[in-house]
Amino acid sequence: MEHTPVPTPKTYHLCENPEIIGTDFYIMEYCDGVIYWDPVASEAPIERRKGIFDQLNFGISALHAQDYKKLGLEDFGKEGNYIERQISRWSKQYFDSETEVLDSMHQLIDWLPARTPEQKYTSIVHGDYRLDNVVMTHDDKNMAMLDWELSTIGDPLADFGYHCLLWHIGNIDDEASKNLGIHTEKEYLDLYLSRTKMELESEWDFYIIFSLLKLLVFAKVSWVE
């Protein structure tokens, strides 16, 4: 990503010799800045929060706009059927960690496959893009994206849907967004679509529901562990 607009730390070296520290590791650039741990950047003054979210939006938009084939990343993941493969993956992880039968989870897992929209776009996806996975510069004008462990080739709209869960989990409607000093979900989505030149019809609710499955499985597996 070094020669793209995607804001990432520069990687200096990859070591695949496990004798050094017991596993593979890499050395990357130190990024001086701030990590906002609250999903709505409550640590920052309210008048700066829209700028923070604009940078956050720019980062994921820039990532999804990259041609992964031109970057030599054809083998970074499987092309096509991303949602189907993800549903299978997260469903298996859920059932493997199930400690009690929750009918609502079983209904959700059964509901999703038959309603999966056609994948219209394919790009590099981050997999866990959120505010506390980026370092913002102290003036909030630049950032660096971190924690790429779940990145692969997939459906960018699914990746963006997961990123937008904060409006749903936090029950942040338009009025609450205004009071918090951040974009409404629609404003944020429209900004992303404008930057990426993608089109979205009626699939948005599906992407949010699918993303909730992913988040719920994350939480369940973490709790069991």
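Its first residue numbered 94, the sequence shown is counted upward by one per residue in our numbering. Idealized CB from N, CA, C, for every residue including glycine. Remember, predicted model here, so these are calculated numbers, not experimental data.
Subject >> Spatial neighbours of E136 in its chain, beta-carbon cut-off 6 Å, leaving aside the 5 residues before and after >> reply: For the purposes of this step, residue 136 is taken as residue 43 along the sequence shown, with counting starting at 1. The residues are Y129.
**OP:** Check I302 in the structure and name its three-state DSSP category.
**Re:** Numbered from 1 along the sequence shown, position 209 holds the residue referred to as residue 302. I302 falls in the helix class under three-state DSSP.
**OP:** Let me know if Q200 comes out buried or exposed under the rule of 16 or more other beta-carbons within 10 Å of its beta-carbon.
**Re:** Reading the sequence shown from its first residue, position 107 is the one you call residue 200. Q200 is exposed by the Cβ-count criterion.
**OP:** May I have the straight-line CA-CA distance separating R223 from D240, to the nearest angstrom?
**Re:** For the purposes of this step, residue 223 is taken as the residue at position 130 of the sequence shown. For the purposes of this step, residue 240 is taken as the residue at position 147 of the sequence shown. Whole-angstrom Cα-Cα distance: 10 Å.
**OP:** Evaluate the contact criterion for the segment 246 to 253 versus the segment 295 to 304: three or more CB pairs, one atom per stretch, below 8 Å.
**Re:** yes
**OP:** Taking 8 Å as the cut-off, decide whether the C-beta atoms of E172 and T209 are in contact.
**Re:** Within the sequence shown, the letter at position 79 stands for residue 172. Within the sequence shown, the letter at position 116 stands for residue 209. No; because the gap between Cβ atoms is not below 8 Å, this pair is not in contact.
Original post:
With a Cβ-Cβ cutoff of 8 Å, do Y119 and T101 count as a contact?
Top reply: Your numbering for residue 119 matches position 26 in the sequence shown. Your numbering for residue 101 matches position 8 in the sequence shown. Cβ atoms of Y119 and T101: not closer than 8 Å.
**OP:** Kindly confirm or deny that the segment 263 to 279 and the segment 177 to 193 touch, where touching means at least three C-beta pairs closer than 8 Å.
**Re:** no
Original post:
Between the C-alpha atoms of E278 and G247, what's the straight-line distance to the nearest angstrom?
Top reply: Counting from 1 along the sequence shown, the entry for residue 278 is found at position 185. Counting from 1 along the sequence shown, the entry for residue 247 is found at position 154. Roughly 22 Å separates the two Cα atoms.
Subject >> Residues bridged to A237 [DSSP beta-bridge criterion] >> reply: Here residue 237 refers to the residue found at position 144 when the sequence shown is read from its first residue. Bridge partners of A237 according to DSSP: V228.
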